[in-house]
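A short write-up of the structure that comes next.
Residue numbers (full-length UniProt numbering): 1 to 274.
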């Protein structure tokens, strides 16, 4: 795995190549630079230069959509329903969907190779626009991106995990710690659901002296990822590892169709510290 400026550009161009053939897409931007076509190399590079600061950067891509009223007033974001139109459904590590506010909606995507895309859609309603079709697999039919609680939450969890890791690498200890604690809390929620299923009730007058899964994680594995004489960094690194390791284990217990993402996350982490 390599995460660098060149790979970011490759992934951006690959994504743009799909966007430019979608009939609902009217305009495309990278950051605030409009891209006229796939051959508009000057503006593509200009936009990517605005995005790239280091290997922890994401690509900001905006599209302007013209939607038939039936699509415009359907669930948002529209590409949650028609996700396969973007042709990345088999390459998702983590994703957060953002519902429409006024005319803006979108999603935050982390690909399996660690490249992140902040994808925003600006929508307008047009009765003359063609209806989007169900000919492609919708997200509800895709096992990796099911809208069930566990998988939707899992996609959210792993995106936030990479986000927390990036903040840690940039020494933003406040936000990285905050995000790591959010991930710990998500693991606790999963553990509580497993308990509810075990006892067939969500009412528990008293607890059962449960062992907290994240406290059982052995953190010596990440000693090589730590920084000498930076206790805060190392504390957050341990917390983040406890969160992702325990959550991954819990999800495997919670749903046998869940596929572990821990190994891939650790590959991203290894690449981040190079």
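For every residue, glycine included, the Cβ atom is placed at its ideal position computed from N, Cα and C.
Counting C-beta neighbours from all protein chains within 10 Å, is the total for residue i 16 or more, i.e. buried, or is it exposed?
{"i": "residue 260", "result": "exposed"}
{"i": "residue 127", "result": "exposed"}
{"i": "residue 71", "result": "buried"}
{"i": "residue 79", "result": "buried"}
{"i": "residue 246", "result": "buried"}
{"i": "residue 11", "result": "buried"}
{"i": "residue 15", "result": "buried"}
{"i": "residue 190", "result": "buried"}
{"i": "residue 103", "result": "exposed"}
{"i": "residue 140", "result": "Because the pLDDT of residue 140 is 47, which lies under 50, any placement of that residue in the model is unreliable, and the number read from its coordinates should be weighed accordingly. Burial call: exposed."}
{"i": "residue 248", "result": "buried"}
{"i": "residue 82", "result": "buried"}
{"i": "residue 167", "result": "buried"}
{"i": "residue 209", "result": "exposed"}
{"i": "residue 186", "result": "buried"}
{"i": "residue 231", "result": "exposed"}
Can you tell me the Cβ-Cβ gap for residue i and residue j, rounded? I've got them flagged as a contact below 8 Å.
{"i": "residue 121", "j": "residue 65", "result": "5 Å"}
{"i": "residue 55", "j": "residue 4", "result": "6 Å"}
{"i": "residue 1", "j": "residue 267", "result": "5 Å"}
{"i": "residue 253", "j": "residue 194", "result": "6 Å"}
{"i": "residue 100", "j": "residue 69", "result": "Not really, about 14 Å apart at Cβ, beyond 8 Å."}
{"i": "residue 110", "j": "residue 116", "result": "5 Å"}
{"i": "residue 34", "j": "residue 41", "result": "The pair is not a contact, with the Cβ atoms about 14 Å apart (cut-off 8 Å)."}
{"i": "residue 23", "j": "residue 133", "result": "No, residue 23 and residue 133 are not in contact; Cβ-Cβ is about 11 Å, not under 8 Å."}
What is the residue span of the beta strand (DSSP E) that residue i lies within?
{"i": "residue 278", "result": "The first residue shown for the chain is 1 and the last is 274, placing residue 278 beyond what the model contains."}
{"i": "residue 104", "result": "104 to 111"}
{"i": "residue 65", "result": "58 to 67"}
{"i": "residue 78", "result": "Not the beta strand (DSSP E): residue 78 falls in the alpha helix (DSSP H), residues 78 to 81."}
{"i": "residue 267", "result": "Counting along the chain, residue 267 falls outside any beta strand (DSSP E), though it belongs to the alpha helix (DSSP H) covering 262 to 272."}
{"i": "residue 101", "result": "92 to 101"}
{"i": "residue 26", "result": "25 to 30"}
{"i": "residue 33", "result": "33 to 35"}
Please report the residue range of the alpha helix (DSSP H) in which residue i lies.
{"i": "residue 254", "result": "231 to 254"}
{"i": "residue 5", "result": "5 to 19"}
{"i": "residue 189", "result": "173 to 199"}
{"i": "residue 50", "result": "41 to 51"}
Is residue i near residue j, with beta carbons less than 7 Å apart?
{"i": "residue 107", "j": "residue 119", "result": "yes"}
{"i": "residue 162", "j": "residue 86", "result": "no"}
{"i": "residue 67", "j": "residue 123", "result": "yes"}
{"i": "residue 251", "j": "residue 241", "result": "no"}
{"i": "residue 169", "j": "residue 233", "result": "no"}
{"i": "residue 277", "j": "residue 183", "result": "For the chain, the structure presents residues 1 to 274; residue 277 sits outside this window and is missing."}
{"i": "residue 9", "j": "residue 36", "result": "no"}
{"i": "residue 269", "j": "residue 165", "result": "yes"}
Do residue i and the ligand GDP come close, with the Cβ less than 6 Å from some heavy atom?
{"i": "residue 206", "result": "This structure lacks the ligand GDP, and indeed carries no ligand of any kind."}
Any 3 or more C-beta pairs closer than 8 Å across the segment 19 to 39 and the segment 57 to 75 | yes
Cβ contact (3+ pairs, closer than 8 Å) linking the segment 215 to 226 and the segment 155 to 163 | no
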